[in-house]
Amino acid sequence: MAELIAPDWLAPAGVRAFVTTRAFGDMRRDGVGRARLSSLVPAAPFWLHQVHGCAVVQPDLAGESRLEPDADAATTTHRGVVCAVLVADCMPVLLASRAGDVVGVAHAGWRGFAAGVIEAALASMRTDPAQVLAWLGPAIGPLAYEVGDEVRAAFLAADPAAKVAFVPSRPGHWRLDLYAIARQRLRARGVTQVSGGDFCTHAEVDRFFSWRRERTLARMAAVIWLT
745 MAELIAPDWL
755 APAGVRAFVT
765 TRAFGDMRRD
775 GVGRARLSSL
785 VPAAPFWLHQ
795 VHGCAVVQPD
805 LAGESRLEPD
815 ADAATTTHRG
825 VVCAVLVADC
835 MPVLLASRAG
845 DVVGVAHAGW
855 RGFAAGVIEA
865 ALASMRTDPA
875 QVLAWLGPAI
885 GPLAYEVGDE
895 VRAAFLAADP
905 AAKVAFVPSR
915 PGHWRLDLYA
925 IARQRLRARG
935 VTQVSGGDFC
945 THAEVDRFFS
955 WRRERTLARM
965 AAVIWLT
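Under the numbering used here, the residues of the sequence shown are numbered 745 to 971, in order.
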């Protein structure tokens with residue numbers, strides 16, 4: 745089983761990114777995978793205290809602060825600065841400009857998508873969205889992700905077109921396709937090059953950690969940086 749997943753996108757040569765898998769180890773602060781990561785990246789990753797919101801940070805070469813800020817996305821124009829998020833059903837969304845001068849990553853579950861984390865991350869990049877590439881990493885798939893009426897209502901209130909991402913499962917409940925939401929949100933902002941999105945953390949037991957399946961605190965990491 746592969747320990748790392750490299751995005752299948754057409755990012756320029758100076759962009760580096762990957763997502764760890766279950767085989768690499770738990771990526772939390774005290775997890776075995778966190779120590780292993782240091783040999784694969786040029787600097788200590790800039791970790792976030794993820795709160796399922798839409799705040800974005802822009803770490804610089806000084807690292808701003810080694811305290812983990814309350815945020816769910818990070819973007820940078822500085823080479824060697826490693827942006828990172830932790831996931832285990834929520835989606836890591838990797839972003840890079842075609843010019844290779846800015847990259848970012850967002851942690852997006854339904855709350856983050858509804859709050860506008862994708863839109864906030866794109867705005868932070870200060871790049872024409874048509875010149876941005878996006879890759880949708882491992883997340884819970886639509887066959888495994890059931891939500892209530894209130895979740896559907898929150899999305900439809902913002903954009904009625906979001907109804908295509910919901911399929912009724914039982915009274916008052918829906919199967920939510922987070923990948924469909926991600927593609928819709930990105931394309932609505934002008935991002936046309938969107939790849940990835942063919943995973944299911946819940947179904948791929950040997951490959952990924954899944955909070956819904958295991959109620960585990962273990963996490964995978966998505967990292968991106970400029971060389």
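Just so you know, even glycine gets a beta-carbon here, dropped at the ideal spot from N, CA and C.
- With a CB to CB cut of under 6 Å and the five nearest residues on each side skipped, what residues in its chain are close to glutamate 808? A caution first: glutamate 808 carries a pLDDT of 48, below 50, which makes its placement in the model unreliable, though a value can still be read off. Here the set comprises nothing.
- Nearest neighbour of valine 763, chosen from Gly775, Arg773, Cys798, Leu830 [CA to CA]: The shortest C-alpha separation from valine 763 is found at Leu830.
- Query: Residue range of the alpha helix (DSSP H) that glutamine 928 falls in?
  - Reply: It spans 922-932 - the alpha helix (DSSP H) in which glutamine 928 sits, taken as one unbroken run.
- Report the rounded CA-to-CA distance for leucine 961 versus arginine 772, giving the unit in angstroms. 8 Å
- Message: Tell me the DSSP secondary structure of threonine 764 in three-state form.
- Response: strand
- Proximity of cysteine 944 and glutamate 863 at Cβ, strictly below 9 Å: no
- Task: Return yes when the Cβ of alanine 850 is within less than 9 Å of the Cβ of proline 836, no when it is not.
- Result: yes
- Query: Buried or exposed: where does arginine 959 fall if 16 or more other Cβ atoms within 10 Å of its Cβ makes it buried?
  - Reply: exposed
- Own chain, CB closer than 8 Å to valine 911, minus 5 neighbours either side, in chain order: Pro886, Trp918, Arg919, Asp921
- the stretch 750-757 touching the stretch 782-798, judged by at least three CB pairs closer than 8 Å: no
- Just the Cα atoms here: how many angstroms apart are methionine 869 and alanine 840? Their Cα atoms are separated by approximately 9 Å.
- Query: Should histidine 796 and glycine 856 be called a contact, given that it needs their Cβ atoms to be closer than 9 Å?
  - Reply: yes
- Message: If the criterion is Cβ atoms closer than 9 Å, does the pair leucine 877 and arginine 842 meet it?
- Response: yes
- Thinking C-beta only, is cysteine 834 closer than 9 Å to alanine 888? Going by C-beta atoms, alanine 888 is not nearer than 9 Å to cysteine 834.
- Please say whether valine 847 and valine 938 have beta carbons closer to each other than 9 Å? no
- Task: In angstroms with no decimal places, state the Cα-to-Cα distance between leucine 748 and isoleucine 925.
- Result: 25 Å
- Only counting runs of 4 or more residues, tell me where the alpha helix (DSSP H) segments fall wholly within the stretch 788-870, in order along the chain. 854-859, 861-869
- Identify the continuous alpha helix (DSSP H) that holds alanine 888 and give its terminal residues. Segment: none, alanine 888 is in no alpha helix (DSSP H) and carries neither H nor E.
- Message: Using a 10 Å radius around the Cβ and a threshold of 16 neighbouring Cβ atoms, would you call alanine 965 buried or exposed?
- Response: buried
- First and last residue of the alpha helix (DSSP H) that includes leucine 900? 893-902
- Other residues of its chain near arginine 896: CB distance less than 6 Å, five sequence neighbours each side excluded: Phe910, Trp918
- Roughly how many angstroms separate the alpha carbons of glutamate 948 and leucine 880, rounded to a whole number? 16 Å
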